[in-house]
Structure formats: structure tokens, C-alpha cells
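Below is one structure, written out as C-alpha cells, with a few remarks after it.
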Amino acid sequence: MFPPALLKGDELYEHEASAPYDASRDLSKYLLMHYGSLEDVFHQSGHPLAMAHGYCQRLSDLLRSCAQRTGTSVARALDVGCSVGGVTHALGAWVTDQVVGVDISRRSVEIAQALTHHGGGTFSVIEQGPFHREVSILVEPGDRARVAFEVGDANALRVGEQPFDAVVLSNVLDRVARPAACLEQFTGSTAILRTGGLLMVACPWSWYPEYSHPDEWLGSAATGTPSETALKALLAGHFDLVAEVDEPGVLRQNPREYDYFESHVTVWRKR
Ligand SMILES: C[S@@+](CC[C@H](N)C(=O)[O-])C[C@H]1O[C@@H](n2cnc3c(N)ncnc32)[C@H](O)[C@@H]1O
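Numbering follows the UniProt record's numbering, in which position 31 of the sequence shown is assigned residue number 31; successive positions increment by one, without gaps.
Shown next as C-alpha cells:
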């Protein structure tokens, strides 16, 4: 069947006691953020949040420009906490061999796999209460690298036969149980990211007690240390900072409500 229905309208109204990140409404929002066109996301032209559209592509473009600037060849890349795979696919357009997306949410991974397998699909987005609308999306058939998705935990990443040349952590570090331990997988070892490889950390530093105990959060009010500074203290001993920017993004709740964020994005090269 083409295009496959990744998420049906009825599912948006189910009361789900599902695992975090498996809820249909959230997956619909991430599908729209990762793959929706400007017209799919905003009804009117010239919407004030239009500049926040295209977050996944902008992250990928930044990593690519950092790779070019530092002369880093990126044959294999890992997208940790990939959700439905927008960054993974954007990387697949220029990374040469393979991009792997890993997420703890089985349903996100299944949707990303179906989308990749069929080259596109349909899903529904909430318009208002009982009204929903179907959106069709395509993923680039011209992806250079093989794109694959798997279920995995950012705190216990699977070590493969060879390390990756680049790793992306987008909006996930403030969602994992042990953020510093997650980073140690890249600082304390070359098993997952090779020497000379690039690490991109994008995060709005939101922090939620339901995801990680406040003692685990990077940064501390007691010492007056913001998360940006704490991140740099953890990475600077093992990596050189290549780029630091703020990247806006937007998750659409409905045409009258949007969640705007600005991720702090740093790109690092492993010494
Ligand atoms: C805020 S979303 C960000 C998704 C995507 N990277 C982006 O930037 O749009 C957080 C994602 O991280 C995933 N996640 C949360 N904890 C995780 C963990 N321990 N291991 C892997 N993925 C995790 C969630 O399932 C969710 O898809």
C-alpha cells in the first residue's frame, strides 16, 4: 500500500497509557516538525514563527559545514534520540555510507522505518478538537547513505564493529536519566565516536524531574553554573569546540498553539 498510513486520525483521540514518547499526538507533532512543509505547519503565509521551520535540515547543514571546515570525512553518523527520524534523513543526504537513528520509543522507530521503507507516508494532525487533517510526506529518494533505525537507550548505546564519524544528540540530553553518563560514552572511549569525529549537542536545556533527577541535571543554581557552561566543562578536556549557535524550532499543537524553542547547539571535534 502506498502511501502507508503512518498514523490514522482516530488514533489522535485515543486515551493512551502508553510509554512516554509513544503517544499518537506527540508522534504526529514530531512527524509534522520533522517532515512537514511550511504550508503543512502554518496556514497563513508570513507566519511569525516561519523562521523556526526546518530545524532538522538546519542541524544537518551545520554539521556538514563543520565537517567541511575541519576536513572531517563523515561516512557513518549516529542520531541519538532520533524520534521519527527527520535529522537522520537530513544527514542521509550527504553522509556517504550509513546513518543510524536510535530511539527508546519503539513506536517512533517503527514509524521512521515505515517512512523510510516506503519513501513517504500519511499521518493526521489535530486542527481543533474533533477536527483533524491528513498530511502526506515524502522522504528524499536521493539519500546518499543507507538510513536505518533501531530501538536503543542513549544511556547504553550499542557498540558496533566500527565507531561513527559523527554523532548527533538533538533535544535528548535533558530527557535522559543520566545526561553526564550519556556524554561519557563519547569522552571516555572511542568505541562509539572515533578520534577526530564530530559530536553535535543540541538542547533547549529544559530539564524535567520526570525524566532525570535534578541532581543529574547539567548545571547548578547552587554554584551559579548554567547548563551551557556545565556542558563545556564536561567536553572541553576531550574535544575542541568547532561551532556554537542557537537554533530555533517549532512544534505545532494546533493552528492556534505552537511550542517554540531555541536549542543551544554546539559542535565538537574529538581530540
Ligand atoms: C524532545 S524529542 C527530540 C527528538 C529529535 N531528536 C528532535 O530533535 O526533534 C526526545 C526524543 O528522545 C527520545 N529519548 C528519550 N529518552 C531516550 C533514551 N534514554 N534513549 C534514546 N532515546 C530517548 C524520545 O523517545 C524522543 O523521541
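Glycine included, each C-beta is placed from N, C-alpha and C at the ideal position.
Any non-hydrogen atom of ligand 1 within 7 Å of residue i CB
i           : result
Y208        : no
I137        : no
I104        : yes
A154        : yes
S108        : yes
T83         : A small fix is needed here, since residue 83 is Ser in this sequence, not Thr. Yes, the beta carbon of S83 sits closer than 7 Å to at least one heavy atom of ligand 1.
residue 274 : Outside the shown range of the chain (1 to 271) lies residue 274, about which nothing can therefore be said.
V167        : no
N254        : no
R158        : no
M33         : yes
R25         : no
S170        : yes
V80         : yes
R58         : no
Y260        : no
residue 325 : Nothing can be reported for residue 325, as the shown portion of the chain is limited to 1 through 271.
V87         : yes
residue 275 : For the chain, the structure presents residues 1 to 271; residue 275 sits outside this window and is missing.
Assigned exposure category for residue i - 16 Cβ within 10 Å defines buried
i           : result
Y35         : buried
P163        : buried
E127        : exposed
R158        : exposed
residue 300 : In this structure the chain extends from 1 to 271, so residue 300 is not present and cannot be described.
R76         : buried
E14         : exposed
S263        : buried
S136        : exposed
E39         : exposed
E257        : exposed
T266        : buried
H132        : buried
S37         : exposed
D103        : buried
S73         : exposed
S45         : exposed
A221        : exposed
R252        : buried
8 Å CB neighbourhood of residue i in its chain, flanking five on each side removed
i    : result
K270 : F186, T190, L193, R194, T195, G196, G197, L198, L199, H238 and F239
Close-in-space but distant-in-sequence residues of the same chain around residue i (CB under 6 Å, 5 per side omitted)
i    : result
W94  : R64
L231 : L218
L78  : V100, F164 and V167
Residues near residue i in its chain [Cβ-Cβ closer than 7 Å; skip 5 each side]
i    : result
F123 : L6, L7, S28, L31 and V135
H53  : L38, V41 and V250
S24  : L7, E11, L12, E14 and E16
Measuring CB atoms only, is the stretch 231-251 touching the stretch 63-72, in the sense that at least three cross pairs come out at less than 8 Å? By the Cβ rule, the stretch 231-251 counts as touching the stretch 63-72, because three or more pairs are nearer than 8 Å.
Ranges of the beta strand (DSSP E) found wholly within the stretch 165-243, counting only runs of at least 3: Listed in chain order, the beta strand (DSSP E) elements of length 3 or more contained wholly in the stretch 165-243 are 193-203.
Any alpha helix (DSSP H) of 4 or more consecutive residues that is wholly inside the stretch 53-81: 55-70
If contact is defined by three or more beta carbon pairs under 8 Å, each pair taking one atom from either stretch, is the stretch 117-124 in contact with the stretch 203-215? no
Please determine if the stretch 74-92 and the stretch 143-156 are in contact, where contact requires at least 3 C-beta pairs separated by less than 8 Å. yes
Check whether the stretch 16-31 touches the stretch 77-84, counting contact only when three or more Cβ pairs, one atom from each stretch, lie closer than 8 Å. yes
Does the count of Cβ pairs from the stretch 210-218 and the stretch 172-181 closer than 8 Å reach three? yes
Which runs of the beta strand (DSSP E) at least 3 residues long sit entirely within the stretch 97-129? Give them in chain order. 98-103 and 120-128
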